[in-house]
Amino acid sequence: MSTKGIINSIETFGAVDGPGVRYILFLQGCPMRCLYCHNPETWAKEAPGSYTATPEEAFAAAYRYHHYWKNGGGITVSGGEALMQMEFVTELFRLAKEKGVHTTLDTAGHPFTREETWLACFRPLFDLTDLFLLDIKHIDPDKHRRLTGVGNENILDFARYITEHGGHMWIRHVLVPGYTDDEGDLSALRAFIDSLRGISPTAVERVEVLPYHTLGVPKYEKLGIAYRLAGVPAPTADAVERAKKILCE
């Protein structure tokens, strides 16, 4: 029997989570508690409205849209944290590659470890993943812990692992005023990205600055969870451009 995945929702015509038009599966389960998370309904292993599907069922549902997957489009698995359901994603991506479908894994990287038992499960998924979307929340370990509830040492090591083993990634950074927009921290993140490019010039294909927004706040209210960034504004256009100059140019 195939390992079943627990799916929160799908998006049939995603345009920002990887190249081209994407079919996106948002999976349940996440070990992080980012203060600005806009998908709190995906934190738990299961949630009202979530459902289970085998990789075969999930791929069949996705492949109905394959005629729209032009310009490198395909399937993206997000979350929650997609690496929490690694066996399901591996089998889903195996089916995708059999049909020549581009695969993207959207992850914050926190489950990563170089322990052999974990890597033994991850290596097949790595080989089946065309692109990693790696969200680096903060470069400073203490600030990262305050922002997400966990440290970032293994997340940064995950980026190194992808680079060392010939993978490809887009690095993303959410710009939150007063939390992730300090120019010194942004410069330190840029230095880390440059160190990855020193290992492999082609590993980091793109760096994206994602402006913080409050579109997820109604979800917190519905779930009865206090939103801890109440009153924090979206970054100004100037702040976003300043961050892009540091991280992207």
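In my numbering, the protein residues as written are 13 to 261. Think of the CB as a built atom: it goes at the ideal place given N, C-alpha and C, for glycine as much as any other residue.
- Gly-178 is the residue among Ile-151, Gly-178 and Asp-152 whose C-alpha sits nearest the C-alpha of Leu-143.
- For Glu-128, the enclosing alpha helix (DSSP H) stretches over residues 128-140.
- By the CB criterion at 7 Å, Ile-22 and Leu-39 fall outside the cutoff.
- Within the same chain, Gly-161 come within 6 Å of Arg-45 by CB-CB distance, once the 5 residues on both sides are set aside.
- In the structure shown, Ala-94 adopts helical secondary structure according to DSSP, grouped into three states.
- Annotated three-state conformation of Thr-175 is helix, per DSSP.
- The alpha-carbon separation between Glu-103 and Pro-136 amounts to approximately 9 Å.
- Ranked by Cα distance from Glu-99, the options Ile-167, Ala-132 and Glu-261 are led by Ala-132.
- When DSSP states are grouped into helix, strand and coil, Ala-203 belongs to the helix group.
- Taking His-225 as reference, the option from Pro-247, Lys-231, Tyr-239 and Ile-237 with the minimal CA-CA separation is Pro-247.
- In this chain, the alpha helix (DSSP H) harbouring Thr-160 covers 153-160.
- Spanning the alpha carbons of Val-113 and Val-229 requires a straight line of approximately 34 Å.
- Residue range 143-147 is occupied by the beta strand (DSSP E) that includes Phe-144.
- Assignment of Arg-45 by DSSP, reduced to helix, strand and coil, places it in the coil class.
- Per the DSSP secondary-structure output, Val-186 pairs in a beta bridge with Leu-222.
- Close CB contacts of Ala-108 within its chain, under the 6 Å cut and outside five residues either way in sequence, are with Ile-87 and Thr-115 (chain order).
- DSSP places Val-89 in the strand class (E or B) of the three-state scheme.
- Of all alpha-carbon atoms in Leu-168, Leu-198 and Met-181, the one lying nearest the alpha-carbon of Pro-213 is that of Met-181.
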